[in-house]
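Notes follow the structure.
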Amino acid sequence: MSLLASRWTPLLIGLLLSIGAVGAGFITGTEHLEGAQLSARWTSRVGVPVFLTAYLASTLFRLSKNDLTKTLMRQRRQWGLAFAWTHSVHLAALIYYLVIAKAPPELITILGGGLAYFMIYVMALTSNNWSMKLLGKNWKRLHVFGIHYIWFIYVFIYLGRLADPELNHVGMVGSGIFFVALIIRLYAKWRKPLQKH
Ligand code: HEM
């Protein structure tokens, strides 16, 4: 089996990306506080491709069945777990940054972000056949809601960046990527009934 097709590959990629994000943040930050802020920022950014791979794996498979999409489809649970990992590193990095910056987050951030973390861990813990059987139809409802809630938090944060003159280009690219991903998902769903004819 090639390395790309291994079920461990998503976890390895998530591990390397998050270690790289923390390292790059502290290396490029001109002082320790800036390094911590960049680490918090970049640990979230590296979660974007990992999240989108999990978000689009079954969609891409539905649109085109080839070796790559078959592999992604088989690994989609591991991509989800890899995202739970990268965002756990984001959590550690942001707590460290907020503590040393002495900047407690607003209540709305704690509630909105906290629910996202709750969904991330509930989804990670139920990403197994046993939970699927136990939860029946509710498993799909839980995972579809959870993944779109995380999608919403990403979009909400990136749209918020549009008001920041220094980071509005990041906001534009970030929110654009997430809207394109949603459109691809909806398109694949809409196209499926057409394929039956
Ligand atoms: C209570 C929970 C959370 C807190 C307190 C928090 C805090 C932070 C902090 C301090 C930063 C760095 C800010 C900066 O760039 O100056 C950041 C960046 C970011 N976080 Fe979180 N975060 C939380 C949860 C989440 C979740 C659940 C997501 C996504 C699902 C997320 C996505 C992001 C994004 C997209 C960025 C900006 C990355 C960029 O500029 O490209 N965060 N967050």
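Here the working numbering is used: position 12 in the sequence shown is 12, and no number is missing along the way.
The C-beta atom is built at its ideal place from N, Cα and C for all residues, glycine as well.
Proximity winner among the options, relative to residue i (alpha-carbon distances)
{"i": "residue 11", "options": "136, 178, 137 and 88", "result": "88"}
{"i": "residue 118", "options": "103, 141 and 146", "result": "146"}
{"i": "residue 99", "options": "34, 65, 177 and 174", "result": "34"}
{"i": "residue 174", "options": "2, 44 and 16", "result": "44"}
{"i": "residue 53", "options": "40, 191 and 182", "result": "182"}
Secondary structure of residue i, DSSP reduced to three states
{"i": "residue 164", "result": "coil"}
{"i": "residue 178", "result": "helix"}
{"i": "residue 31", "result": "coil"}
{"i": "residue 128", "result": "coil"}
{"i": "residue 113", "result": "helix"}
{"i": "residue 155", "result": "helix"}
{"i": "residue 84", "result": "helix"}
heavy atom of ligand 1 below 7 Å from residue i C-beta
{"i": "residue 44", "result": "yes"}
{"i": "residue 170", "result": "yes"}
{"i": "residue 105", "result": "yes"}
{"i": "residue 154", "result": "yes"}
{"i": "residue 78", "result": "no"}
{"i": "residue 82", "result": "no"}
{"i": "residue 109", "result": "yes"}
Below-8 Å beta-carbon distance, residue i vs any chain B residue
{"i": "residue 163", "result": "Included in the structure is just one protein chain, with no chain B present."}
Which runs of the alpha helix (DSSP H) spanning at least 4 residues fall entirely within the segment 2-79, listed in chain order? Fully enclosed alpha helix (DSSP H) runs of 4 or longer: 9-28, 32-45, 47-63 and 67-74.
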